[in-house]
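Everything below concerns the one structure shown next.
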Amino acid sequence: GKADPALQAACRQAVDILVHLIAPVMPHLAEECWQTLGGTDLVAERPWPVYDPSLVVDSEIVLPVQVNGKKRGDLTIARDADQGAVEKAVLALDFVQKALEGKAPRKVIIVPQRIVNVVA
1004 GKADPALQAA
1014 CRQAVDILVH
1024 LIAPVMPHLA
1034 EECWQTLGGT
1044 DLVAERPWPV
1054 YDPSLVVDSE
1064 IVLPVQVNGK
1074 KRGDLTIARD
1084 ADQGAVEKAV
1094 LALDFVQKAL
1104 EGKAPRKVII
1114 VPQRIVNVVA
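If you read the sequence shown in our numbering, its first letter stands for residue 1004, the second for the next number, and so on.
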(Lines of atoms letter the chains of each structure in order from A and count residues from 1; the text may use other names and numbers.)
(Lines give C-alpha, C1' and ligand atoms only; values in the text may rest on other atoms or scores of the structure.)
Protein backbone atom coordinates (compact mmCIF):
# COMPACT_ATOMS: atom_id res chain seq x y z
CA GLY A 1 0.00 0.00 0.00
CA LYS A 2 0.82 3.67 -0.13
CA ALA A 3 2.83 5.03 2.81
CA ASP A 4 1.39 7.76 5.02
CA PRO A 5 2.24 11.19 3.47
CA ALA A 6 3.20 12.62 6.88
CA LEU A 7 5.59 9.72 7.43
CA GLN A 8 7.08 10.18 3.97
CA ALA A 9 7.60 13.90 4.64
CA ALA A 10 9.24 13.17 8.02
CA CYS A 11 11.56 10.58 6.46
CA ARG A 12 12.49 12.96 3.65
CA GLN A 13 13.25 15.73 6.14
CA ALA A 14 15.39 13.32 8.18
CA VAL A 15 17.38 12.26 5.09
CA ASP A 16 17.89 15.89 4.04
CA ILE A 17 19.23 16.74 7.51
CA LEU A 18 21.45 13.65 7.55
CA VAL A 19 22.97 14.60 4.19
CA HIS A 20 23.63 18.09 5.55
CA LEU A 21 25.23 16.73 8.73
CA ILE A 22 27.68 14.50 6.85
CA ALA A 23 28.76 17.38 4.57
CA PRO A 24 31.62 18.67 6.81
CA VAL A 25 33.14 15.18 7.04
CA MET A 26 32.36 13.84 3.55
CA PRO A 27 31.59 16.83 1.35
CA HIS A 28 31.78 15.04 -2.00
CA LEU A 29 29.46 12.24 -0.87
CA ALA A 30 27.04 14.75 0.67
CA GLU A 31 26.87 16.80 -2.53
CA GLU A 32 26.33 13.65 -4.62
CA CYS A 33 23.54 12.47 -2.30
CA TRP A 34 21.99 15.95 -2.32
CA GLN A 35 21.92 16.03 -6.14
CA THR A 36 20.42 12.49 -6.20
CA LEU A 37 17.68 13.67 -3.82
CA GLY A 38 16.83 16.46 -6.25
CA GLY A 39 18.68 19.34 -4.64
CA THR A 40 19.48 22.13 -7.08
CA ASP A 41 21.84 24.12 -4.86
CA LEU A 42 24.95 23.10 -2.92
CA VAL A 43 24.66 21.50 0.51
CA ALA A 44 27.54 23.71 1.67
CA GLU A 45 25.47 26.82 0.90
CA ARG A 46 22.36 25.69 2.77
CA PRO A 47 21.68 26.91 6.32
CA TRP A 48 22.69 24.55 9.10
CA PRO A 49 19.75 22.55 10.58
CA VAL A 50 18.20 24.08 13.70
CA TYR A 51 17.70 21.94 16.81
CA ASP A 52 14.22 22.12 18.35
CA PRO A 53 14.34 20.77 21.93
CA SER A 54 10.53 20.53 22.14
CA LEU A 55 10.60 17.69 19.59
CA VAL A 56 12.65 15.38 21.82
CA VAL A 57 10.46 15.64 24.94
CA ASP A 58 8.21 12.65 25.47
CA SER A 59 4.58 13.39 26.29
CA GLU A 60 4.55 10.41 28.69
CA ILE A 61 7.00 9.39 31.39
CA VAL A 62 7.59 6.14 33.26
CA LEU A 63 7.71 6.49 37.03
CA PRO A 64 9.08 3.73 39.24
CA VAL A 65 6.59 2.87 41.99
CA GLN A 66 7.77 1.74 45.41
CA VAL A 67 5.67 0.36 48.24
CA ASN A 68 7.39 0.66 51.63
CA GLY A 69 10.70 1.39 49.92
CA LYS A 70 10.69 -1.65 47.61
CA LYS A 71 10.20 -1.21 43.89
CA ARG A 72 7.03 -3.02 42.85
CA GLY A 73 6.59 -1.78 39.28
CA ASP A 74 6.25 1.20 36.98
CA LEU A 75 3.55 3.69 36.05
CA THR A 76 3.33 5.28 32.61
CA ILE A 77 1.57 8.63 32.84
CA ALA A 78 1.36 11.98 31.04
CA ARG A 79 4.40 14.19 31.70
CA ASP A 80 2.18 17.10 32.76
CA ALA A 81 -0.06 15.09 35.13
CA ASP A 82 -0.57 16.79 38.48
CA GLN A 83 0.24 15.09 41.79
CA GLY A 84 -3.40 14.23 42.45
CA ALA A 85 -3.68 12.37 39.15
CA VAL A 86 -0.40 10.54 39.78
CA GLU A 87 -1.52 9.47 43.26
CA LYS A 88 -4.90 8.28 41.98
CA ALA A 89 -3.26 6.29 39.16
CA VAL A 90 -0.69 4.72 41.51
CA LEU A 91 -3.29 3.66 44.06
CA ALA A 92 -5.32 2.02 41.28
CA LEU A 93 -2.42 -0.22 40.19
CA ASP A 94 -2.92 -3.93 40.89
CA PHE A 95 0.53 -4.47 42.39
CA VAL A 96 0.04 -1.52 44.76
CA GLN A 97 -3.38 -2.82 45.87
CA LYS A 98 -1.88 -6.27 46.44
CA ALA A 99 1.03 -4.85 48.47
CA LEU A 100 -1.33 -2.72 50.58
CA GLU A 101 -3.44 -5.82 51.38
CA GLY A 102 -6.64 -3.79 51.45
CA LYS A 103 -5.33 -1.19 53.90
CA ALA A 104 -5.33 2.53 53.17
CA PRO A 105 -1.87 3.97 52.58
CA ARG A 106 -0.45 6.13 55.36
CA LYS A 107 1.36 8.38 52.94
CA VAL A 108 2.07 8.73 49.22
CA ILE A 109 5.37 10.46 48.49
CA ILE A 110 5.69 11.83 44.96
CA VAL A 111 8.91 13.28 43.61
CA PRO A 112 7.58 14.97 40.45
CA GLN A 113 8.69 13.23 37.23
CA ARG A 114 11.07 10.97 39.22
CA ILE A 115 9.52 8.38 41.58
CA VAL A 116 6.47 7.50 43.69
CA ASN A 117 6.66 5.79 47.09
CA VAL A 118 3.56 4.47 48.84
CA VAL A 119 3.93 4.00 52.60
CA ALA A 120 1.53 1.40 54.02
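Cβ atoms here follow ideal geometry from the backbone N, Cα and C, with glycine treated the same way. Predicted, not measured: the structure shown is a model, and the values here were computed from it.
Point to revise | Option in 1006, 1122, 1051, 1078 with minimal Cα separation from residue 1106 | key: That would be 1122, whose Cα lies nearest to the Cα of residue 1106.
Practice item. Return the CA-CA distance between residue 1038 and residue 1118, expressed in angstroms with no decimal places. Key: 50 Å
Point to revise | Residue closest to residue 1083, alpha-carbon to alpha-carbon, out of 1062, 1091, 1097 | key: 1062
Exercise for review: Buried or exposed for residue 1023, please, with buried defined as at least 16 other CB atoms from any protein chain shown within 10 angstroms of its CB.
Suggested key: buried
Review point. Below 8 Å between beta carbons: does that hold for residue 1070 and residue 1099?
Key: yes
Review point. Can you give the Cα-Cα distance for residue 1040 and residue 1014, rounded to whole angstroms?
Key: 12 Å
**Study point:** DSSP-derived helix/strand/coil call for residue 1021
**Key:** helix
Check your understanding: Taking all protein chains shown into account, do 16 or more other C-beta atoms lie within 10 angstroms of the C-beta of residue 1047, making it buried, or fewer, making it exposed?
Key -> Answer is exposed; the Cβ neighbour count stays below 16.
Exercise for review: Look at the alpha carbon of residue 1033 and the alpha carbon of residue 1064, and state the distance between them as a whole number of angstroms.
Suggested key: 37 Å
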